[in-house]
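Notes follow once the structure below has been shown.
Number of protein chains: 2
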Amino acid sequence: MRAVAIRRGETSPTVVEKPRPEPATGEALVRTLRVGVDGTDREVIDGTHGGYPEGDDHLVLGHEAVGVVEDPNGTSFEVGDVVVPTVRRRPEGRTNDYFERGQADMAPPDQCLERGISGAHGFMSDYFTSPEETLVPIPEHLAPLGFLVEPISITEKALHHAYVSRSAFDWRPESALVLGNGPLGLLTLAMLDDYERTYCLGRRDRPDPSIDIIERLGATYVDSRRTPVAEVPESHETVDLVFEATGYARHAFDGIHALAPGGVAALLGVPESWSFEVDGGSFHKDVVMNNKAIVGSVNSGAAHFESAVDTLTDLPDWFVDEFVSGVYHLDDAPDAFVADDAVLKTAVQFDTY
Amino acid sequence: MRAVAIRRGETSPTVVEKPRPEPATGEALVRTLRVGVDGTDREVIDGTHGGYPEGDDHLVLGHEAVGVVEDPNGTSFEVGDVVVPTVRRRPEGRTNDYFERGQADMAPPDQCLERGISGAHGFMSDYFTSPEETLVPIPEHLAPLGFLVEPISITEKALHHAYVSRSAFDWRPESALVLGNGPLGLLTLAMLDDYERTYCLGRRDRPDPSIDIIERLGATYVDSRRTPVAEVPESHETVDLVFEATGYARHAFDGIHALAPGGVAALLGVPESWSFEVDGGSFHKDVVMNNKAIVGSVNSGAAHFESAVDTLTDLPDWFVDEFVSGVYHLDDAPDAFVADDAVLKTAVQFDTY
Chain R
1 MRAVAIRRGE TSPTVVEKPR PEPATGEALV RTLRVGVDGT DREVIDGTHG GYPEGDDHLV
61 LGHEAVGVVE DPNGTSFEVG DVVVPTVRRR PEGRTNDYFE RGQADMAPPD QCLERGISGA
121 HGFMSDYFTS PEETLVPIPE HLAPLGFLVE PISITEKALH HAYVSRSAFD WRPESALVLG
181 NGPLGLLTLA MLDDYERTYC LGRRDRPDPS IDIIERLGAT YVDSRRTPVA EVPESHETVD
241 LVFEATGYAR HAFDGIHALA PGGVAALLGV PESWSFEVDG GSFHKDVVMN NKAIVGSVNS
301 GAAHFESAVD TLTDLPDWFV DEFVSGVYHL DDAPDAFVAD DAVLKTAVQF DTY
Chain C
1 MRAVAIRRGE TSPTVVEKPR PEPATGEALV RTLRVGVDGT DREVIDGTHG GYPEGDDHLV
61 LGHEAVGVVE DPNGTSFEVG DVVVPTVRRR PEGRTNDYFE RGQADMAPPD QCLERGISGA
121 HGFMSDYFTS PEETLVPIPE HLAPLGFLVE PISITEKALH HAYVSRSAFD WRPESALVLG
181 NGPLGLLTLA MLDDYERTYC LGRRDRPDPS IDIIERLGAT YVDSRRTPVA EVPESHETVD
241 LVFEATGYAR HAFDGIHALA PGGVAALLGV PESWSFEVDG GSFHKDVVMN NKAIVGSVNS
301 GAAHFESAVD TLTDLPDWFV DEFVSGVYHL DDAPDAFVAD DAVLKTAVQF DTY
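Top line first, the protein sequences correspond to chains R and C. Using the working numbering, the letters of the first sequence map in sequence onto residues 1 to 353. Using the working numbering, the letters of the second sequence map in sequence onto residues 1 to 353.
Written as structure tokens, this is what we have:
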């Protein structure tokens with residue numbers, strides 16, 4: 001079968017031939033329909049995130065997949081069921097409390113593998129196998145868009161953690177600031193439709209398709225070159241929720257000062273080591289005196305995938321149409337990974353339902 | 001009546017004469033029994049925290065009070081009821097959502113007054129008046145220790161906010177690190193008796209009464225001069241909970257790295273502006289990749305006072321005996337504010353029950 005992989009020492013993905021996998025006991029064989037691409041894939045390709053499976057000279061890419069059960073292999077699925085796989089897997093021969101308790105998404109990096117990212121092959125191949133408990137069934141009619149379930153689930157988890165952190169009091173958020181107008185930022189903005197006022201920060205010039213979407217969603221575009229995060233309170237307002245999806249480390253600090261009292265910042269970006277000066281005293285004091293919270297969030301669990309299905313169903317058609325800017329034939333798969341301001345969300349097509 | 005106050009321009013408190021207050025409608029008149037002293041009082045005296053009531057040349061100190069209802073004045077209290085007052089009050093003639101929703105503890109500093117701290121006279125006087133809804137009844141037998149209800153309530157709130165922030169998953173904390181061996185740190189350590197392993201950070205030499213208490217509580221004393229917070233994971237372990245009660249801003253950063261995956265840091269200290277260099281990239285990445293949370297917490301609400309009463313009841317007698325190192329006669333009130341390593345928790349006595 002064909003697979004899209006990054007080979008050790010290379011800087012762009014290629015289509016390779018691999019044997020079709022055989023499902024082990026408890027695993028189903030899935031025929032892949034589409035696999036989405038995101039910033040993490042680019043970091044994996046660049047070598048700044050994740051890593052190859054032990055002993056392998058390549059990593060099959062892709063962690064945002066949707067497929068059809070081809071061989072249930074004794075699992076409770078039926079042939080033809082549309083499924084989305086979760087990403088994290090137990091390291092072979094090892095177990096730990098996170099997997100034992102069914103919350104692999106809470107495991108630290110050294111206690112899990114991530115398919116398509118870190119130490120385990122991804123889903124960008126004609127077929128993949130996966131344990132029954134890692135496959136989330138979705139309605140048939142969502143098959144073409146099922147590759148959006150995983151990225152939506154990332155935001156579902158982050159918002160869940162952010163919201164519970166404010167559940168000790170009567171929190172009534174009205175305003176939100178999304179940091180980043182990449183795919184995750186735009187998806188999140190679309191999910192925050194119950195906020196009265198939303199802002200989305202980017203650094204692009206008009207005309208730009210992400211700015212068009214931001215404004216059509218009723219949000220205010222904040223150009224960080226003119227209005228840095230630290231100035232959002234003065235230029236606009238303090239906000240109840242900050243959702244950071246940039247990986248720009250200064251945002252973890254400036255975003256806190258942009259919060260209203262009792263607000264929460266969800267951090268999702270993964271920056272590299274970078275030392276800089278901060279007014280740590282004012283940061284600390286602001287967090288305390290204004291009862292602010294910061295939650296970091298990575299990955300997501302099966303429950304977040306399930307709520308993501310509902311969220312996906314509710315997204316406006318126009319949004320999905322504009323958001324998914326390109327679905328690439330397998331022969332053109334490498335093009336799906338090219339970063340370009342005109343490109344929002346891309347996916348590679350393997351088969352149709 | 002007599003009151004302990006700090007006068008503008010002075011650097012130590014004095015006993016002053018003031019007229020006995022008349023309860024307004026909805027307020028009870030309370031005869032003061034004891035009022036505790038803490039680090040915030042010292043900051044108020046030093047002028048680094050809080051401020052005088054508008055137009056007054058002095059501030060009556062004290063926010064950790066216990067008293068007896070002298071005149072119910074139409075409230076539901078009866079003469080002789082033992083009560084503890086909450087600290088925050090609505091600024092006169094103004095209201096806001098925080099007070100409307102009964103969560104004054106979530107108000108930002110500019111939308112509330114704090115008795116004995118910021119803009120409103122405290123409870124360190126023979127009598128004080130307070131609105132019915134700000135007086136929490138406590139059992140008679142707790143009258144001598146009732147001044148501990150307010151400081152315990154501070155930790156009740158911080159732990160409440162920390163715990164709910166981890167309620168999105170099955171969190172089973174086993175280890176905790178309390179930063180600071182001052183009164184709040186020691187009280188908190190005593191409250192963390194369901195943790196398997198606890199650590200308390202300080203910077204004192206033995207023999208020292210706080211270290212004695214730390215060890216009798218079964219905790220490990222961490223001398224920050226030998227083991228900085230950043231080295232706690234290597235020297236001891238990463239911990240599920242960090243409770244910061246020092247006001248030392250670097251702890252807000254180093255404490256995060258001392259957290260185990262999925263851990264939470266509660267920040268309570270109030271440092272001044274202080275710029276320093278941090279590896280903001282690693283901080284941000286650690287928070288995200290390990291699903292960590294940070295919650296700031298200040299003040300407390302009536303519900304936290306109520307749970308503090310239960311907590312106070314459960315504290316071991318030996319702890320309270322050693323912890324309360326001095327109860328001062330009103331004539332010696334200024335001595336209760338002197339910071340000294342031999343002194344743990346002090347209070348000023350006005351009357352007996």
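All residues carry an ideal CB built from backbone N, CA and C; glycine is no exception. Every value quoted in this text rests on a predicted model; they were computed, and no experiment measured them.
Smallest Cα separation from residue i: which of the options?
{"i": "Leu29 of chain C", "options": "C:Glu64, C:Gln103, C:Tyr127 and C:Lys18", "result": "C:Tyr127"}
{"i": "Leu375 of chain C", "options": "C:Arg204, C:Arg206 and C:Ile294", "result": "This structure does not reach residue 375 of chain C, given that chain C is present from 1 up to 353, and the question cannot be answered."}
{"i": "Glu43 of chain C", "options": "C:Leu192, C:Ser307, C:Pro271 and C:Tyr328", "result": "C:Pro271"}
{"i": "Glu92 of chain R", "options": "R:Gly119, R:Met106, R:Pro108 and R:Pro109", "result": "R:Gly119"}
{"i": "Arg31 of chain R", "options": "R:Asn299, R:Val320, R:Asn291 and R:Val66", "result": "R:Val66"}
{"i": "Val264 of chain C", "options": "C:Ala162, C:Phe337 and C:Thr129", "result": "C:Ala162"}
{"i": "Asp81 of chain C", "options": "C:Gly62, C:His141, C:Lys292 and C:Pro261", "result": "C:His141"}
{"i": "Asp212 of chain R", "options": "R:Pro23, R:Ala342 and R:Pro131", "result": "R:Ala342"}
{"i": "Leu192 of chain R", "options": "R:Arg206, R:Gly202, R:Arg203 and R:Ser175", "result": "R:Ser175"}
{"i": "Ser210 of chain C", "options": "C:Glu322, C:His236, C:Gln111 and C:Ser235", "result": "C:Glu322"}
{"i": "Pro173 of chain C", "options": "C:Gly62, C:Arg94, C:Asp194 and C:Pro21", "result": "C:Asp194"}
{"i": "Leu159 of chain R", "options": "R:Arg7, R:Asp351, R:Val320 and R:Ala308", "result": "R:Ala308"}
{"i": "Thr188 of chain C", "options": "C:Met106, C:Val320, C:Ser273 and C:Ala104", "result": "C:Val320"}
{"i": "Pro13 of chain R", "options": "R:His236, R:Asp331, R:Phe276 and R:Trp171", "result": "R:Asp331"}
{"i": "Leu33 of chain R", "options": "R:Asp317, R:Phe123 and R:Ala260", "result": "R:Phe123"}
{"i": "Glu237 of chain R", "options": "R:Arg226, R:Arg216, R:Ala260 and R:Asp351", "result": "R:Ala260"}
Quick one: Cα of residue i to Cα of residue j, how far?
{"i": "Thr25 of chain R", "j": "Leu267 of chain R", "result": "38 Å"}
{"i": "Val83 of chain R", "j": "Gly116 of chain R", "result": "17 Å"}
{"i": "Ile214 of chain R", "j": "Ser224 of chain R", "result": "15 Å"}
{"i": "Val79 of chain R", "j": "Val87 of chain R", "result": "22 Å"}
{"i": "Ser167 of chain C", "j": "Asp56 of chain C", "result": "46 Å"}
{"i": "Val35 of chain C", "j": "Asp208 of chain C", "result": "25 Å"}
{"i": "Val149 of chain C", "j": "Ala303 of chain C", "result": "12 Å"}
{"i": "Tyr221 of chain R", "j": "Asn299 of chain C", "result": "36 Å"}
{"i": "Asn291 of chain R", "j": "Val164 of chain R", "result": "14 Å"}
{"i": "Glu133 of chain C", "j": "Thr48 of chain C", "result": "30 Å"}
{"i": "Tyr328 of chain C", "j": "Phe169 of chain R", "result": "37 Å"}
{"i": "Trp274 of chain C", "j": "Arg90 of chain C", "result": "31 Å"}
{"i": "Phe305 of chain R", "j": "Ser130 of chain R", "result": "16 Å"}
{"i": "Phe337 of chain R", "j": "Gln111 of chain C", "result": "50 Å"}
{"i": "Lys18 of chain R", "j": "Glu156 of chain R", "result": "34 Å"}
{"i": "Asp335 of chain C", "j": "Arg7 of chain C", "result": "17 Å"}
{"i": "Pro139 of chain C", "j": "Asp41 of chain C", "result": "26 Å"}
{"i": "Lys345 of chain R", "j": "Pro137 of chain R", "result": "23 Å"}
{"i": "Trp326 of chain R", "j": "Asp340 of chain R", "result": "One point to set straight first is that residue 326 of chain R is Gly, not Trp, in the sequence displayed. Each residue's Cα considered, the two are about 12 Å apart."}
{"i": "Asn73 of chain R", "j": "Gly301 of chain R", "result": "24 Å"}
Pull up the CB-CB distance for residue i and residue j, whole angstroms please, since I reckon it's below 8 Å.
{"i": "Ala3 of chain C", "j": "Val60 of chain C", "result": "5 Å"}
{"i": "Ala333 of chain R", "j": "Phe147 of chain R", "result": "In fact, because the Cβ distance is near 14 Å, the residues do not count as touching under 8 Å."}
{"i": "Asp243 of chain R", "j": "Leu179 of chain R", "result": "Note that residue 243 of chain R corresponds to Phe in the displayed sequence, not to Asp. Sure, about 7 Å apart at Cβ, within 8 Å."}
{"i": "Tyr199 of chain C", "j": "Ala219 of chain C", "result": "6 Å"}
{"i": "Ile152 of chain C", "j": "Leu312 of chain C", "result": "6 Å"}
{"i": "Glu315 of chain R", "j": "Ala190 of chain R", "result": "The question names Glu, but residue 315 of chain R in the sequence shown is Leu. That pair is a contact at about 6 Å."}
{"i": "Ala245 of chain R", "j": "Leu184 of chain R", "result": "4 Å"}
{"i": "Gly280 of chain C", "j": "Phe253 of chain R", "result": "6 Å"}
{"i": "Gly255 of chain C", "j": "Val229 of chain C", "result": "6 Å"}
{"i": "Val201 of chain C", "j": "Leu177 of chain C", "result": "The residue you asked about is not Val; residue 201 of chain C is Leu in the sequence shown. Right, their Cβ atoms sit about 7 Å apart."}
{"i": "Val68 of chain C", "j": "Tyr353 of chain C", "result": "6 Å"}
{"i": "Asp38 of chain C", "j": "Glu10 of chain C", "result": "No, Asp38 of chain C and Glu10 of chain C are not in contact; Cβ-Cβ is about 20 Å, not under 8 Å."}
Does the Cβ of residue i lie closer than 8 Å to at least one heavy atom of the ligand ADP?
{"i": "Asn290 of chain C", "result": "For the structure depicted, the ligand ADP is absent and the ligand set is empty, with no information on it obtainable."}
Could you please give me the residues that DSSP links to residue i through a beta bridge?
{"i": "Pro131 of chain R", "result": "R:Glu27"}
{"i": "Phe276 of chain C", "result": "R:Val278"}
{"i": "Gly301 of chain R", "result": "Looking at the DSSP assignment, Gly301 of chain R forms no beta bridge with any residue, so it has no partner."}
{"i": "Pro137 of chain C", "result": "C:Val83"}
{"i": "Val295 of chain C", "result": "R:Ala293 and C:Ala266"}
{"i": "Arg94 of chain R", "result": "According to DSSP, Arg94 of chain R bridges with nothing at all."}
{"i": "Gly36 of chain C", "result": "C:Glu64 and C:Ala347"}
{"i": "Gly119 of chain R", "result": "R:Glu114"}
{"i": "Phe99 of chain C", "result": "According to DSSP, Phe99 of chain C bridges with nothing at all."}
{"i": "Phe319 of chain R", "result": "BP columns for Phe319 of chain R are empty, so no partner."}
Inset, instruction - May I ask you to verify whether the stretch 276 to 285 of chain C touches the stretch 95 to 104 of chain C, counting CB pairs closer than 8 Å and requiring at least 3? - result: Contact between the stretch 276 to 285 of chain C and the stretch 95 to 104 of chain C is absent, because fewer than three Cβ pairs lie under 8 Å.
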